[in-house]
Every structure is written in C-alpha cells, then in structure tokens.
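Participant: Just so you know, the sequences run in chain order X and Y.
The numbering used here numbers the first residue of the first sequence as 1 and each following residue consecutively.
The numbering used here numbers the first residue of the second sequence as 284 and each following residue consecutively.
Think of the CB as a built atom: it goes at the ideal place given N, C-alpha and C, for glycine as much as any other residue.
Just so we're clear, the structure is a prediction, and the values are computed from it rather than from any experiment.
Number of protein chains: 2
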Amino acid sequence: MDITMCEKEEQLLCNRPIGVFDSGVGGLTVAREIMRQLPNERIVYFGDTARVPYGNKSRETIIKFSRQIVRFLQTQQVKAIVVACNSASAYALEVLEKEVDIPIIGVVKSGAMSAIQATRNGKIGVIATEATIGSGIYNRYIQAIDSNTVVLGKACPLFVPLVEEGLWEDPVTDEIAKRYLTELIDVGIDTLILGCTHYPLIRSTVGKTMGPDVTLVNPAYETAHELKRMLQDMGLESGHRPGLGTELYRFFVSDAADKFQKFANSILTYGILSAKVINIEEF
Amino acid sequence: MDITMCEKEEQLLCNRPIGVFDSGVGGLTVAREIMRQLPNERIVYFGDTARVPYGNKSRETIIKFSRQIVRFLQTQQVKAIVVACNSASAYALEVLEKEVDIPIIGVVKSGAMSAIQATRNGKIGVIATEATIGSGIYNRYIQAIDSNTVVLGKACPLFVPLVEEGLWEDPVTDEIAKRYLTELIDVGIDTLILGCTHYPLIRSTVGKTMGPDVTLVNPAYETAHELKRMLQDMGLESGHRPGLGTELYRFFVSDAADKFQKFANSILTYGILSAKVINIEEF
C-alpha cells in the first residue's frame, strides 16, 4: 500500500514541468535545446521582460529578481529549475541553491565544462554581458577544473540590442564583432564560449570573425544535456510524452506578452499560442 | 500673525527641491538644463537603473514604475516633479497629473511646442523609443495645436545602447543613423524632435545625417523653460541660491550607483559626489 502510494507520488513528481527562466527572450535558446533533447518534458518558462536586461545590473539586484522568479516558478509546481540566463547564473545560482529544495542548474558550469573539453591549446575566451564578465564566474569554474587553462573574458554590451533589432547578419554587427573580438584573436584563443543566451543567434557572425580554427561553445546544448543526466540520476525524468490535451509548454512574462510571443516564434520551431503576463514584484 | 505664518510656509515651500526622474541616466540631460536655467533650485534626481530601459516596455508597466517613483519623490518633499523621460511622459503623465497634488510636467508637451514654433513647412519628425513612438503622443500634442502639421515618428532602438556604449561619434552610429533617418529625409521634414533624453548626446551625428536645413529640437531646453515659467506663475520659485552647506543636488538610483555616477560625471559640468541606492519596489 505504502509502496503504491509512493510510486504514484513519484510518478506525479516526474510529470511536473521544468521551470526555465531568463531576463527576457534570450533564454528561449536554452528552452529550445531542452525541447530538442528532452521531448517528454513539460516546461514553464518565465521571461522578466519588465526588467530586462540583467546584464548591466548589480549582483544584489540580480539576486533579488532571481529570488522572486524562483518563488513564482515554485507556485507552478516545477520539479527542477534551469537558470537560462548567464548573468543570473553568475550571480544568483549559488545563493538560490542554498534556498530551494528542488534541483537547480545554471548555464555557466555546463559552458565551462564544454569549453575545457574543446580546447587544445588551453586558451579559452568568454564573451558575455558586463555582469557575467564582471563576476569572473567562467574563470572561476574553469580554473577550478584545470588551473593551467587561461581564460580571457570580454563584455559585448551591444550584441543583445543588435540581436533584438534583428541585425543577426549585418555589416554593422560584423563591425562591432570585429571590435569586440580582436583582442581575443590576438591572444590566440582556440575556444570561445557564447556566454549570453542571445549570442547563439549571431553565431555565424561570431564564427566568421573568429575564423574556422576557433571552436564556439553554446552552453545551451550542454545545459540541456546536464539537465537530462540530472533528471535520470534523480529518477525525475518524465517517462512518456504528455498526452494530447496536456499543455506541454507554458510561457509567462512580466511585461509585453505580444512582443515576447513574436520574438519567441522567430526562435522556436513551433508557434507559441500565448504568453501570460504576471506581476513578478509580488513574489 | 496669520499672514506671517503663511509667508513662512510659502517660503519653506519655495525652498523645497524639484523632483526629476528618468528610467536611468538619460534624464540627466534634462537635469543639466534645469541646473543651467534655474541655478537657484535644488534638485532630487531619481534614475530607475534597476529596471532601465522603459522604451521597450508596455504602457501598464511604465505607469506602475512611474507611480512608485512619484511616491518616492513625495517622501523627499519635492515642490514639483519633472518627468524627464519621454516614454514615461508619453504613457504616465496624464495618469499622474490626476493623482498628485503638486505640479508635474513632462518633456513631450515642451518638445511639441518648440517643434511647432520651429517648423516652416509644417513637416515635423520625431525620433524616440518604441514606447514613445507607439504611444503617438507627439502626434497628438502637435495635431491638437495645429492640425495642418504632418508628424512622422521613427523608433530608433539602437541609439540608447550606442550612446551608453560611448559611441557618440563613430562610423557605426553614423551608419545606424543613416538607416533610421533616411525615410524622414525622404519625406522632407524640416524639424526633428530628439524625443529621447539620450539623443542630445548624439546630436552632432543626427545633425550631420539630417543636413543643415533641418532644425533639431531638444525638449530638455524647453522643459526647463516651462518649469521656470510655471514656478514663477505659482509663486514657487526659489528666490536665492541655497547657502553653502545646503546640498543643492541629490541623486538616487535603484541600482548600480557607481556606474550611474561615472556616466553622470561625463554629462554634468560638475562632479557628483555620490548617488544613493533605494529599493523602488517598496514605494
């Protein structure tokens, strides 16, 4: 009797969705990877569009905002949380891990691991927001695993607005990429971490600028992989694709649902039906 | 006896500071104009650096944020409020006017008035954020005064990040300006409103692109002028420069005071001693 109850409970837990959050739309590149690699999992996505971007904000503010979002996701009965924002992973993940009782992973550790596996000459570059670079988090993770590796970080504040303006392949983006990336080329890195969730969308521009000998690492891929491994290890994986009538993916934002939806539909491979606006400051 | 009390009261009221707010640093171009034209007035400035920018956010969110800021400024005993942000002026001013019992002015009406006075061919352009352009507010104000005037609005989302990245005079900014402004040139406008407080900082780029026959209108100038007129009319003008030991200007932000201070010092003609961080969500 007890065992049956327990199995039922566990089954319910397995069927709960994954919570994924980002400062805005960028984290959809991570959600997209999770959808690809874990097609049986339901997702509750939150984009903090009222307070986007996080990349130019302070540690304290990023932690405060992330805490509110985690509290909201917990009301959605999520079984695990993915911090699909590098700035929030950099500053808030370690704090959040201590505060919540469900598994929570960020994008930084996965990105660092992939880069270490990819580098041949031990010189790794990281491009990201000011917040992520300022935190030194990629450096810390990489050095902790292999202290012989050299890590060079470069903040690229214009990349996010350029992506959001749709200039994914454009001479202006080429020019800005050249300016930001020259010093990384000069140092001779052979691996570059795309340390902001918007950057995979200008992957071809970055790749063209860096040249064919530099491996580009997209932490989204490895994050989805790590999530899968973790869910398996903890017995939390959903065993089957939810049936028809079950809402597979739900999207919440703190502002401007229409705009979010439009951008989401340009990134995801299927159409989002709707995104719901919530008042995140209440959480 | 009563008269003396009243005079004293009024004197106190006169000596109170002006509240000025913006989504971030941009409003400092308005504060700078007020400092120039009203050197006797004290200023309390608030920049919402935790939630900047407003220009890509919805009406509801901009009103909510503006209300919180007005409540904060009222705790600072301000005698009047200047909404030094076009997006907030566009969406929140009319709501706020009904809710507060002190005079409150925005930058849009002043900008519209100046443009009408400046145009000769009745074709006025407005460049601003998506929020301000989407609101149609400049169009409404201008048409209400002169319905024969043609108003053409153009959102320029990359201008703010370019200014914040320091590319005030740069080939990239030239190129982006060309793309945004060509349709305004083609229509033959003779007057262009710089409808975002960041834009005066790239005035020379915009001027070069538009050519010498187009008059650029900076609403900051006219806003300070209107504020002066209003304070005089209401008998609220400060009669003398506050004595030594009185803090003339005070700056508050919702995040990252250091960064604000650095930017402020590049705009203002004197050094800011410090900016204080407050939790704006509490108001």
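Are there any heavy atoms of the ligand MG lying less than 7 Å away from the beta-carbon of L158/X, as far as the coordinates show?
Facilitator: As presented, the structure is devoid of all ligands, the ligand MG included, so that no description of it is given.
Participant: If you measure from the beta carbon of I459/Y to each beta carbon in chain X, is any gap under 8 Å?
Facilitator: The residue you call residue 459/Y lines up with position 176 of the second sequence. It does: the Cβ of I459/Y has a partner Cβ on chain X nearer than 8 Å.
Participant: Would a check of beta-carbon distances place R51/X closer than 8 Å to chain Y?
Facilitator: Your numbering for residue 51/X matches position 51 in the first sequence. Yes - at least one Cβ of chain Y is within 8 Å of the one on R51/X.
Participant: Please report the straight-line C-alpha distance between I102/X and Q143/X, rounded to a whole angstrom.
Facilitator: Residue numbering aside, residue 102/X sits at position 102 when the first sequence is read from its first letter. Residue numbering aside, residue 143/X sits at position 143 when the first sequence is read from its first letter. Taking the straight line joining both Cα atoms gives about 28 Å.
Participant: Beta strand (DSSP E) containing A363/Y: first to last residue?
Facilitator: Looking up residue 363/Y in the second sequence gives position 80. Counting along the chain, the beta strand (DSSP E) containing A363/Y begins and ends at A363 to V366.
Participant: When we look at the beta-carbon of K545/Y and count the other beta-carbons within 10 Å, is it buried (16 or more) or exposed?
Facilitator: Translated into the one-based positions of the second sequence, residue 545/Y becomes position 262. K545/Y is exposed by the Cβ-count criterion.
Participant: Under the three-state reduction of DSSP, which class applies to R334/Y: helix, strand or coil?
Facilitator: Taking the second sequence and counting its residues from 1, the one referred to as residue 334/Y is at position 51. In this structure, R334/Y counts as coil in the three-state DSSP scheme.
Participant: Rounded to whole angstroms, what's the CA-CA distance from A264/X to Q77/X? Just pull it up for me.
Facilitator: Looking up residue 264/X in the first sequence gives position 264. Looking up residue 77/X in the first sequence gives position 77. Distance between the alpha carbons of A264/X and Q77/X: 23 Å.
Participant: Would you verify that the beta carbon of V489/Y is, or is not, closer than 8 Å to some beta carbon of chain X?
Facilitator: Counted from its first residue, the second sequence places residue 489/Y at position 206. No, its Cβ sits nowhere closer than 8 Å to a Cβ of chain X.
Participant: Please state if the CB of V25/X and the CB of I43/X are separated by a distance shorter than 8 Å.
Facilitator: In the first sequence, the residue the question calls residue 43/X occupies position 43. In the first sequence, the residue the question calls residue 25/X occupies position 25. It is not a contact, given that the beta carbons lie outside the stated cut-off.
Participant: Once the 5 residues before and after L13/X are set aside, which same chain residues still bring their CB inside 8 Å of it?
Facilitator: Here residue 13/X refers to the residue found at position 13 of the first sequence. Excluding residues within five positions, the ones whose Cβ falls inside 8 Å are K79 and L236.
Participant: Would you say K559/Y faces chain X, with C-beta separation under 8 Å as the test?
Facilitator: As a working note, residue 559/Y is residue 276 in the second sequence. Chain X contact via Cβ: absent.
Participant: Mind listing the chain Y neighbours of K57/X? Cutoff is C-beta to C-beta under 7 Å, in chain order.
Facilitator: If you number the first sequence from 1, residue 57/X lands on position 57. Ordered by position in chain Y, the residues that pass the 7 Å Cβ test against K57/X are A333, D538 and A539.
Participant: Is DSSP giving Y328/Y helix, strand or coil here?
Facilitator: By 1-based counting over the second sequence, the position of residue 328/Y is 45. Residue state, collapsed to three classes: strand.
Participant: Which stretch, first to last residue, makes up the beta strand (DSSP E) that contains K437/Y?
Facilitator: The residue given as residue 437/Y occupies position 154 in the second sequence. Unbroken beta strand (DSSP E) run through K437/Y: V433 to A438.
Participant: Applying the 10 Å Cβ sphere with the 16-neighbour rule, what's the burial state of N86/X?
Facilitator: Position 86 of the first sequence, counted from the start, is the residue given in the question as residue 86/X. When all chains shown are included, N86/X counts as buried.
Participant: So, at 6 Å on beta carbons, what are the nonlocal neighbours of F252/X in its own chain, with the 5 sequence-adjacent residues on each side left out?
Facilitator: Start at 1 with the first residue of the first sequence, and residue 252/X comes out as number 252. The answer, listed in chain order, is F46, K276 and I278.
Participant: Measuring CA to CA, which of N501/Y, P440/Y, K340/Y and K406/Y is closest to D469/Y?
Facilitator: Counted from its first residue, the second sequence places residue 469/Y at position 186. Out of N501/Y, P440/Y, K340/Y and K406/Y, K406/Y has the C-alpha closest to the C-alpha of D469/Y.
Participant: Of all Cβ atoms in chain X, is any one closer than 8 Å to the Cβ of V446/Y?
Facilitator: Taking the first residue of the second sequence as 1, we reach residue 446/Y at position 163. No, because no Cβ of chain X sits closer than 8 Å to the Cβ of V446/Y.
Participant: Measuring CA to CA, which of I387/Y, Y463/Y, G389/Y and E380/Y is closest to E413/Y?
Facilitator: Working through the second sequence from its first residue, we reach residue 413/Y at position 130. The residue with the shortest Cα to Cα distance from E413/Y is Y463/Y.
Participant: On the DSSP letters alone, give me the boundaries of the alpha helix (DSSP H) that K64/X sits inside.
Facilitator: Here residue 64/X is taken as the residue at index 64 of the first sequence, counted from 1. Looking at the DSSP string, the run of the alpha helix (DSSP H) that includes K64/X is R59 to T75.
Participant: Name the chain Y residues that come within less than 7 Å of E281/X, Cβ to Cβ?
Facilitator: The residue labelled residue 281/X in the question sits at position 281 within the first sequence. Those are E564, listed as they occur along chain Y.
Participant: Anything in chain X within Cβ reach of T344/Y, meaning under 7 Å, just list it in chain order.
Facilitator: As a first step, residue 344/Y must be located in the second sequence, where it is residue number 61. Within 7 Å Cβ-Cβ: A50 and D255.
Participant: Between the stretch 424-445 of chain Y and chain X, which residues of the former have CB atoms less than 9 Å from a CB of the latter, in chain order?
Facilitator: Within the stretch 424-445 of chain Y, the qualifying residues are P440, L441, V443, P444 and L445.
Participant: Which of the three DSSP states, helix, strand or coil, is assigned to V100/X?
Facilitator: The count along the first sequence starts at 1 and reaches residue 100/X at position 100. Here V100/X sits in coil by DSSP.
Participant: Taking Cβ to Cβ, would you say L311/Y is nearer than 8 Å to L551/Y?
Facilitator: Position 28 of the second sequence holds residue 311/Y. Position 268 of the second sequence holds residue 551/Y. Yes, they are a contact pair.
Participant: Assuming V335/Y contacts S306/Y under a Cβ cut-off of 8 Å, what Cβ separation, rounded to an integer in Å, is found between them?
Facilitator: Position 52 of the second sequence, counted from the first residue, corresponds to residue 335/Y. Position 23 of the second sequence, counted from the first residue, corresponds to residue 306/Y. Yes, they are in contact, since the Cβ atoms of V335/Y and S306/Y sit about 5 Å apart, within 8 Å.
Participant: Taking Cβ to Cβ, would you say L38/X is nearer than 8 Å to L162/X?
Facilitator: Residue mapping note: residue 38/X aligns to position 38 of the first sequence, counting from 1. Residue mapping note: residue 162/X aligns to position 162 of the first sequence, counting from 1. Result no, Cβ atoms of L38/X and L162/X do not sit closer than 8 Å.
Participant: Take the Cβ of S537/Y as the centre, count every other Cβ of all protein chains shown within 10 Å, and call the residue buried at 16 or more, exposed below.
Facilitator: Working through the second sequence from its first residue, we reach residue 537/Y at position 254. The residue is buried, with at least 16 neighbouring Cβ atoms inside 10 Å.
Participant: Under 9 Å Cβ-Cβ, which residues of chain X neighbour V455/Y?
Facilitator: As a working note, residue 455/Y is residue 172 in the second sequence. The answer, in chain order, is L158, V172, E175, I176 and R179.
Participant: Let me know if S110/X comes out buried or exposed under the rule of 16 or more other beta-carbons within 10 Å of its beta-carbon.
Facilitator: Against the first sequence, residue 110/X aligns to sequence position 110. With 16 or more other Cβ atoms within 10 Å, it is buried.
Participant: Quick check on Y553/Y: buried or exposed, where buried means 16 or more other Cβ atoms within 10 Å of its Cβ?
Facilitator: For this step, residue 553/Y is matched to residue 270 along the second sequence. Y553/Y is exposed by the Cβ-count criterion.
Participant: Of the residues G195/X, S147/X, Q68/X and D146/X, which one's Cα is nearest the Cα of A84/X?
Facilitator: The residue labelled residue 84/X in the question sits at position 84 within the first sequence. Checked all of G195/X, S147/X, Q68/X and D146/X; the closest Cα to A84/X is G195/X.
Participant: With a threshold of 8 Å on Cβ separation, who are the neighbours of G585/Y within its own chain once the five nearest residues in sequence on each side are excluded?
Facilitator: Here chain Y covers residues 284 to 566 and nothing more, so residue 585/Y does not appear.
Participant: Using a Cβ-Cβ cut-off of 7 Å (strictly less than) and excluding sequence neighbours within five positions of K178/X, which residues of its own chain qualify?
Facilitator: Translated into the one-based positions of the first sequence, residue 178/X becomes position 178. Here the set comprises T209.
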